[in-house]
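In mature numbering (1 follows the signal peptide of the UniProt record, and there is no 0), the protein residues as written are -28 to -1, 1 to 408.
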């Protein structure tokens, strides 16, 4: 066992813990002490880590405050984290020191890494199949690991296209947006104004958008534990981006990880770019920031061979290591957060997807969709949702891939076939190392 753990530590991908050490101490005094004596005879206190910022974080905090006001026997301490990446890094450290939270929002592609290390509670003990099946099937695909129910859909999203309606109209275009890659290129060309240093299109060079475009080109990301897009479907997004950048109609924002997203969103708000790819979760914030400046349209991601989109965001998960009483309190909190009226509250305040049909059909959301149709686009796009892999180490594997793709967009003369070949080889090497 020491050899296996040492090998995992060397990759920097797996949680540095053993399932036995968690389960074995879950009802002990030591486990309770390590979490700060959080229970007494009357109140059970639990920690909830939430990688949500801005409007989204404020909404979640209001909901936690409401839960606490309604429950005297369970109190939730919400701790905001910067983003999904920081949250995962802190979780790994906390699990090692046995100071992990009881509940967190775990980005869906990180589920495999934490579940494979035995860090996540199988919540089927607390939520039966009927409760689980309330959620859209397209969102549940990333809720199970080896048939264990480890993630409750909560702040779930899809990437969508945001359009500056005023800029599109001025360019003589339909402000509802392009429907295909070729139309996207045409829109970007007509919305670009080089004399004003304004681009028609901008997107972070992020795995999420690349995955979407591979899927739209008829490809798949993995087949089992094998990378499956070292082919024309994998090359198509690289060539498309290269062509647009060569034409001077697409901007690649600087920065790593979510910093690049922030640059793209700020360029959009400032009217320096006409269209961007970003998450539906950014909708409420972007509409607030652009109010009085210009109107926003939202649209499906344009199709190539077909429409397709990955889902994203995070699921509510319970961490191993707590007492039975803390786990029961955590389940009570998760159940409350995923009641229909709470799903409606969170979705209408943020732009995240409503995760159930009942929530989607609620009077409040149906009224919102009529008044602000931008909110309905992501829900409608769910019909084209494709599940993402649940492999251990997927984040680091795709980081290696995207390093090569970014090189291919820095050197616009790079051959897309070579770029994708190098990227998929690097990605496969990580997957092989972490999924033995």
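All residues carry an ideal CB built from backbone N, CA and C; glycine is no exception.
Using a Cβ distance threshold of 8 Å, residue 183 and residue 282 count as a contacting pair. Here residue 376 is buried, its C-beta having at least 16 other C-beta atoms within 10 Å. Taking residue 218 as reference, the option from 30, 405, 21 and 381 with the minimal CA-CA separation is 381. Judged by DSSP in its simplified three-state form, residue 320 adopts helix. Between residue 131 and residue 249, the beta carbon gap of about 6 Å places them in contact (Cβ cut-off 8 Å).
Setting aside the 5 residues that flank it on each side, residue 303 is surrounded in the same chain by 98, each with a C-beta closer than 6 Å to its C-beta; the list follows chain order.
For residue 258, the closest of 236, 168, 407 and 68 by C-alpha to C-alpha distance is 236. Residue pairing of residue 285 in beta bridges, as defined by DSSP: 128.
With contacts defined by Cβ atoms closer than 8 Å, residue 159 and residue 222 do not form a contacting pair.
Sequence-distant Cβ neighbours of residue 308 in its own chain, meaning closer than 7 Å and more than five residues away, are 39 and 314.
Taking C-beta atoms as the reference points, residue 59 and residue 17 fail to come closer than 8 Å. Between the segment 316 to 334 and the segment 82 to 101, the count of C-beta pairs closer than 8 Å stays below three; the two stretches do not touch. Residue environment analysis places residue 238 among the exposed positions, since fewer than 16 neighbouring C-beta atoms fall within 10 angstroms of its C-beta. Distances from the alpha-carbon of residue 366 to those of 46, 155, 105 and 398 put 398 closest. Going by DSSP, residue 17 is part of the beta strand (DSSP E) stretching over 16 to 22. With 16 or more neighbouring CB atoms inside 10 Å of its own CB, residue 310 falls in the buried class. According to the DSSP secondary-structure assignment, residue 270 is paired through a beta bridge with 134. Assigned with DSSP and collapsed to three states, residue 76 falls in strand. In the structure shown, the three-state DSSP call for residue 50 is strand. Cβ atoms of residue 276 and residue 180 stay farther apart than 8 Å, at about 16 Å.
Contact between residue 362 and residue 84 holds: their C-beta atoms lie close to 4 Å from each other, under 8 Å.
DSSP, reduced to helix, strand and coil, places residue 250 within a strand of the structure shown. Residues of the same chain with a CB within less than 7 Å of the CB of residue 333, apart from the 5 flanking positions on each side, do not exist. In the structure shown, residue 152 falls within a strand segment according to DSSP collapsed to helix, strand and coil. With 16 or more other Cβ atoms inside 10 Å of its own Cβ, residue 268 counts as buried. The three-state reading of DSSP puts residue 391 in helix, counting H, G and I together.
Taking 8 Å as the cut-off, the beta carbon of residue 220 is found closer than this to the beta carbon of residue 164. Sequence-distant Cβ neighbours of residue 202 in its own chain, meaning closer than 7 Å and more than five residues away, are 392, 393 and 396. Rounded to the nearest angstrom, the gap between the Cα atoms of residue 185 and residue 285 is 18 Å.
Taking the Cα positions, residue 15 is about 25 Å away from residue 124. DSSP places residue 107 in no alpha helix (DSSP H); its state is neither H nor E.
8 Å or more divides the Cβ of residue 298 from the Cβ of residue 90. Annotation: the continuous alpha helix (DSSP H) that includes residue 29 extends over 26 to 42. Straight-line measurement puts the Cα of residue 150 at about 38 Å from the Cα of residue 103.
Judged by their CB atoms, residue 327 and residue 364 are not nearer to each other than the 8 Å cut-off. Each of 31, 109 and 73 was checked against the Cα of residue 329, and the nearest Cα belongs to 109.
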